[in-house]
Amino acid sequence: MSAVAVVTVNGRHDLSMPETLRFGRAGKISADSFHKSFFEWEAVRFEVDNIVKEERFICPACSLDMLAVSVDGNRKHYRFKNSARSEEQAIFEGVFISKDPSKDVARFVDYIHSTTKHVSGRGVCGGEWSAARETSKRSTSKLDEEGLELAVCRHGVLLCALNMYRGEIFAYPLYLQEKLARRTDMLTLLAMRWNQQKINNLATSLSHRHQKATKALQSQMQALETMKAQLAVTESQLEDWVNDGKEWAEATSTKTTTDDADALASRIEVLVASIKRRSQRLYKDTDGNKARARIRCKIRKEMEILTSVVESYNSTESLCLENILSEENAWPWQLPHSDSVDLKTKRRAFDIVNAIRRLQEEKKIVLIEMDHHWRALQTRGDGLKELSCLLSSETMQNLPWVLSEEGLRGLQSTILRKRQNITERKLQARACYLQVWSGAENVNFLHRDSADDYDSDSDSDMD
8 MSAVAVVTVN GRHDLSMPET LRFGRAGKIS ADSFHKSFFE WEAVRFEVDN
58 IVKEERFICP ACSLDMLAVS VDGNRKHYRF KNSARSEEQA IFEGVFISKD
108 PSKDVARFVD YIHSTTKHVS GRGVCGGEWS AARETSKRST SKLDEEGLEL
158 AVCRHGVLLC ALNMYRGEIF AYPLYLQEKL ARRTDMLTLL AMRWNQQKIN
208 NLATSLSHRH QKATKALQSQ MQALETMKAQ LAVTESQLED WVNDGKEWAE
258 ATSTKTTTDD ADALASRIEV LVASIKRRSQ RLYKDTDGNK ARARIRCKIR
308 KEMEILTSVV ESYNSTESLC LENILSEENA WPWQLPHSDS VDLKTKRRAF
358 DIVNAIRRLQ EEKKIVLIEM DHHWRALQTR GDGLKELSCL LSSETMQNLP
408 WVLSEEGLRG LQSTILRKRQ NITERKLQAR ACYLQVWSGA ENVNFLHRDS
458 ADDYDSDSDS DMD
């Protein structure tokens, strides 16, 4: 029976390589040799992907017109000046993580500081948060690199990254891990594997997102119809309520400059609704004492403003501060008018209407992203087909690579395999999109291709 070499990864695999059996003999795998061979093998695969124009860090659904990019950092990827590590250059230097150190990043930071009023200790980016301050009174002699910052699109595809150098801030690491020279290579490989998984499942992900938005839209539409039936309101009245909500949201002034009763009443409603909302969500949305302290501070400020506004209102009418904060009764100024609606009802209508508009927008965005994904698959397939024809023609001497005859055959095989993969992904995307949109939306872009795109031309080429 042939022996099988089993490698388990517990933390860093180069520190925990198990003994294996090979050809019936007890033997060991050299961790350093395996580690280096593994990265060299991955480097060769990466160069082959470059030859066939495979993009690892571009999202097919939103690469041209990105709607949103999220950026966040992890301050736990430590590296230290005095740690024992190799000085050899990373194989994937600058592929995913900006070059270390990056002149472009340093030049951009200098440009930002030169064009803005930069105060030490209060940086332009993140200077309002204690975790992102750029200065500290504690020692910084040992800290070289503090973390990693990533940019990701709305589909979870990693776009780029850079090392965060915060030499003016001291950090207490939990432990010091030595020999981290290949950190850039391993992080780049993990990012490429992550993106490959996301891209392979992009059609399914977009379909699920469309279904989720459709179900939520139906639920919100039912809630809106129920509200319209209960309150007997028209579309024009709902639009007026939405406009009232916008006006209340824009009323950020902390002082009331008029003694008009209607203006004071509107101001009181806004403040009471804000105080109640903050109080109800004090422990629901925050899990730290600092965040709760900030919310309590805002509540105290609004209470002070509310007290002054109530005093101004009481100069003409009688209103009790404790009652309006504790009871759910109608406002005194609403009693003479049976058709008046309180802020709570208008706000509920405002939330429903805006949720409907947002979900409708989301469905349109997902539709555009599906179109981009389909176009990307088409472009990728056409590019591979053109490259395959170029290798099969008699003009191979004009190729930009110097490959042997065996190397060219291997490259042709790789291209055909990737063409087959693109064909399978197009079939999967077509099935997902048709299943989601059956009888609902326009799916014209799925019918732009002729039936030849789904024939076995790639299979015949392989044969």
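Residue numbers for the sequence shown follow the numbering used here, beginning at 8 and rising by one.
The beta carbon of each residue, even a glycine, is placed where N, CA and C say it ideally should be.
Just so you know, these numbers come straight off a predicted model, no measurement behind them.
For the pair H162 and C66, the CB atoms are nearer than the 8 Å cut-off. Non-local beta-carbon contacts of N202 in its own chain, meaning distances under 8 Å to residues more than five positions away in sequence, involve R63, F64, V164 and L165 in chain order. Separation of the CB atoms of F99 and D192 is rounded to 5 Å, and the pair is thereby assigned contact status at 8 Å. A residue is called buried when at least 16 other Cβ atoms come within 10 angstroms of its Cβ; Y290 does not meet this threshold and is exposed. Contact between the segment 411 to 428 and the segment 363 to 383 is absent: fewer than three C-beta pairs spanning the two stretches fall below 8 Å. Distance between Q367 and A220, taken at the CA atoms: about 8 Å.
Put simply, the segment 68 to 79 does not touch the segment 421 to 440. Fewer than three CB pairs are less than 8 Å apart. Assignment of S411 by DSSP, reduced to helix, strand and coil, places it in the coil class. A383 is positioned such that its CB atom lies no closer than 8 Å to that of A210. Under a 10 Å Cβ-count criterion, R301 is classified as exposed, with fewer than 16 other Cβ atoms of the shown protein chains found around its own Cβ. In the three-state scheme derived from DSSP, where H, G and I count as helix and E and B as strand, V240 is classed as coil. Spatial neighbours of A230 in its own chain (CB-CB distance under 8 Å, excluding positions within 5 residues in sequence) are listed in chain order as I359. When DSSP reads this structure, I104 sits in a beta bridge with A168.
By the CB criterion at 8 Å, I363 and V317 fall outside the cutoff. A straight line joining the alpha-carbon of V159 with that of C167 spans about 8 Å. Using a Cβ distance threshold of 8 Å, L157 and A68 do not count as a contacting pair. Cβ contact annotation for M310 (same chain, cutoff 7 Å, sequence separation greater than five): I282, in chain order.
Put simply, the backbone Cα of F46 is about 10 Å away from that of R52. According to the DSSP secondary-structure assignment, A158 is paired through a beta bridge with V78 and C167. Measuring C-alpha to C-alpha distances from K425 to each of W444, L196, K60 and D251 identifies K60 as the nearest. S70: not part of any alpha helix (DSSP H); DSSP gives it neither H nor E.
Where V51 is concerned, the enclosing alpha helix (DSSP H) starts and stops at A38 to I58.
Residue range R190 to N207 is occupied by the alpha helix (DSSP H) that includes L194.
L415 is a Cβ neighbour of L398, given a cutoff of 8 Å. Distance from the Cα of F357 is smallest, within the candidate group L313, M234, Q385 and T430, for M234.
Residue nearest to L410 within the set I36, E49 and I58 is I58 (criterion: CA-CA distance). Restricting attention to R355, W381, R200 and R303, the CA atom closest to the CA of N250 is found in R355.
Take the alpha-carbon of R284 and the one of D378: they are about 41 Å apart.
The three-state reading of DSSP puts L245 in helix, counting H, G and I together.
Measuring C-alpha to C-alpha distances from Q427 to each of K305, L224 and K392 identifies K392 as the nearest. N296 counts as exposed, since fewer than 16 other beta carbons sit within 10 angstroms of its beta carbon. Under the three-state reduction of DSSP output, Q96 falls in the coil class, being neither helix nor strand.
Scanning A239, L394, S315 and A270 for the CA closest to the CA of T352 turns up A239. L278 sits close to I312, with the two beta carbons spaced by under 8 Å.
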